[in-house]
Amino acid sequence: MAQFVAFIKGPMVWIAFGVFFAGLIIQGWRFFTMSRKKDPAYIPGTEKKKKKKKKKKSKKTKAKKKKPKTIMDRLQPLIAFADKRWDNLENSMFRIHPLVSVVTIIFHVFLFVIPILLLAHNELFRAAFGFSLPSLSDQTTDMMTIIFLLCGGFFLFRRIFVRRVRAITTWWDFVMLAVTLTPFITGFMAFRQWGDYPTVMLVHMISGELMLILIPFTKLGHMIYFFLYRVLIGSEYSFGQGKRAW
Amino acid sequence: MSTQVNREQIKGMLKAHKPRMKRYLSHCMHCSLCAESCFLYMKNDKDPRYMPSYKVLNSLGKLYRKGGRVDRAFLEDIKEIVWKNCVLCKRCYCPVGVDIPAMIAFARSICRSQGVHPDEEQSWL
Numbered sequence: 053m054a055q056f057v058a059f060i061k062g063p064m065v066w067i068a069f070g071v072f073f074a075g076l077i078i079q080g081w082r083f084f085t086m087s088r089k090k091d092p093a094y095i096p097g098t099e100k101k102k103k104k105k106k107k108k109k110s111k112k113t114k115a116k117k118k119k120p121k122t123i124m125d126r127l128q129p130l131i132a133f134a135d136k137r138w139d140n141l142e143n144s145m146f147r148i149h150p151l152v153s154v155v156t157i158i159f160h161v162f163l164f165v166i167p168i169l170l171l172a173h174n175e176l177f178r179a180a181f182g183f184s185l186p187s188l189s190d191q192t193t194d195m196m197t198i199i200f201l202l203c204g205g206f207f208l209f210r211r212i213f214v215r216r217v218r219a220i221t222t223w224w225d226f227v228m229l230a231v232t233l234t235p236f237i238t239g240f241m242a243f244r245q246w247g248d249y250p251t252v253m254l255v256h257m258i259s260g261e262l263m264l265i266l267i268p269f270t271k272l273g274h275m276i277y278f279f280l281y282r283v284l285i286g287s288e289y290s291f292g293q294g295k296r297a298w
Numbered sequence: 003m004s005t006q007v008n009r010e011q012i013k014g015m016l017k018a019h020k021p022r023m024k025r026y027l028s029h030c031m032h033c034s035l036c037a038e039s040c041f042l043y044m045k046n047d048k049d050p051r052y053m054p055s056y057k058v059l060n061s062l063g064k065l066y067r068k069g070g071r072v073d074r075a076f077l078e079d080i081k082e083i084v085w086k087n088c089v090l091c092k093r094c095y096c097p098v099g100v101d102i103p104a105m106i107a108f109a110r111s112i113c114r115s116q117g118v119h120p121d122e123e124q125s126w127l
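Read top to bottom, the protein sequences are chains A and B. Per this note's numbering, residue 53 is the first one in the first sequence, and the count goes up by one each step. Per this note's numbering, residue 3 is the first one in the second sequence, and the count goes up by one each step.
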C-alpha cells in the first residue's frame, strides 16, 4: 500500500501531466492536419477587407478637406467594435440562458484558477521546481471551491431534473461530471480535515491525475476543441476568419 | 425496394468521415443549449425530440455506436429524424462549436445511399 501511495504521489503525477500535455499537443496537431484545406464557400475575411478599403478611401478624402482627428474620432472604431460585440452578446446565450451562461463561466474559470493558484499546490510546485506561481489565500480558494461545487451541483440538477437535458443524458455524462468534481470535493474535504485524511488525499490525487489523463481523449477534450472548433465557424462566433474546413 | 442494406458501403462512409464526426460526437457536452436555436423545437412545444443535439445523437450517433451494423428498419427510423424533424436550415448554434448541420447532412447521405429517403407523396416535404 505504501508503495502504491508513493507511486501515486511521485511518478504518477509526472505521467499524468505528460499524458495531459502530450495529448493536448497531439489533438491540436491532429486538428490542424485534418483541417488544412480552406473552405472556399464562405470567406468572411474578404468582406472585411473590402469594407476596410472603402473606409480608408473615405478617411483620406475627409482628411484632405477637414480638421485633424480628435481623440473621440480615433476611438470611434473601437467604440463601433464594442457596440457590435455587445449586439452579438445581446443575441447570444446570455440573453436566452442567463443563469446557465453565468454558472458555466464561473464553473470553467474556477476550474482553472483554483488548482493553479492554490497555495498548497504552489508549495508543491516550489518544492519541485524551485519557484512558484502567485497564489490566493486559503480562505479565498476555499470560498471559490464552495462556489465551484455549487455550480457543479447545478449541472447535476439540470442533468437529472430538466427534461430536455435528461433526454440526451447518458451514464457517461455523470461519469465525466464525477471525474471533474471529485478532485475538488476531496480537496475541500482535505482542507477541512473531514474524514480520514490520508485516504481523502489519496482519492484527491488519483482523481486529479485521472482527470488530467482523460482530458485530451474524452468529452473533456472540449477544453482545447472549444477554441479549435471556433476557428472553423464562418460567422460572428468565430475566433479566426472561419476559413478552415476538414 | 430491397430489404437489405449494403453494410459495407455504410461502414465505408462512416470510416471516411470518422476523425471529424467522432470528434464532434464525443465533444457534444449534452448541455441542450442548442435547443432554442431550432425553430422546429420552439414551434413544437419545446419537445426535446426536436433539439438539434437529440437529432444528431439519435441518428448519426447511433450509426457510429453500432459501427454501421444496421438494418433497413433502423434507417427508416432515423429517416424521420433527419428529414422530417430537421429542415437543414443551418441555424442551430452549439456553444462548443460542433457543426450540427454537417452531421445531419452526413446522416442523410448515408440514408440516401441505401435508398432511404422521403417519398414524393409524403406530406411533410
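Quick reminder that beta carbons are idealized off the backbone N, C-alpha and C, glycines included.
- Proximity of chain B to H274/A at the Cβ level (cut-off 7 Å) is accounted for by H29, M31, V98, in chain order.
- At a beta-carbon threshold of 7 Å, the residues of chain B lying near M145/A are L35, P97, ordered along the chain.
- In chain order, P21, R22 make up the part of chain B whose C-beta sits under 8 Å from the C-beta of M86/A.
- For the stretch 60-77 of chain B, the set of positions with a beta-carbon nearer than 7 Å to some beta-carbon of chain A is empty.
- Within its own chain, the residues whose Cβ lies closer than 8 Å to the Cβ of L272/A, once the five positions on either side in sequence are excluded, are M228, V231, T232, M263, L266, listed in chain order.
- For S259/A, the CB contacts under 8 Å within the same chain, skipping 5 residues up- and downstream, are V231, T234, P235, T238 in chain order.
- For F206/A, the closest Cβ of chain B is not nearer than 7 Å.
- In summary, S61/B is buried, with 16 or more beta-carbon neighbours lying within 10 Å of its beta-carbon over all protein chains present.
- In terms of CA proximity to L65/B, R110/B leads the group R110/B, D121/B, E122/B.
- Per DSSP, reduced to three states, the secondary structure at V154/A is helical.
- Sorting A104/B, K81/B, E82/B, G99/B by C-alpha distance to the C-alpha of L90/B places A104/B at the top.
- A Cβ-Cβ contact shorter than 7 Å links V118/B with K81/B.
- It is roughly 11 Å from the alpha-carbon of I12/B to the alpha-carbon of H19/B.
- For S61/B, the three-state secondary structure derived from DSSP is coil.
- Each residue's CA atom was taken as its position, placing M195/A and V165/A some 12 Å apart.
- For V7/B, the closest C-alpha among the options E122/B, D73/B, I106/B is that of D73/B.
- Counting only Cβ-Cβ distances below 8 Å, P103/B has no contacts in chain A at all, with the closest Cβ about 11 Å away.
- Around Q55/A, the same chain offers no residue with a beta carbon nearer than 8 Å, after the five sequence neighbours per side are excluded.
- Within a 10 Å sphere around the beta-carbon of G204/A sit 16 or more other beta-carbons, which makes this residue buried.
- Chain B has a Cβ within less than 7 Å of the Cβ of F278/A.
- The DSSP-derived three-state label of Q245/A is coil.
- By alpha-carbon distance to V154/A, the top candidate from L188/A, I60/A, F207/A is F207/A.
- I102/B and C36/B do touch by the CB rule: their CB atoms are close to 7 Å apart, below 8 Å.
- Contact between I131/A and H32/B is absent: CB atoms are separated by about 39 Å, not below the 8 Å threshold.
- The shortest C-alpha to C-alpha distance from A74/A to any of I157/A, F181/A, I276/A, V255/A is the one to I276/A.
- The straight-line gap separating the alpha-carbon atoms of R9/B and K17/B is approximately 12 Å.
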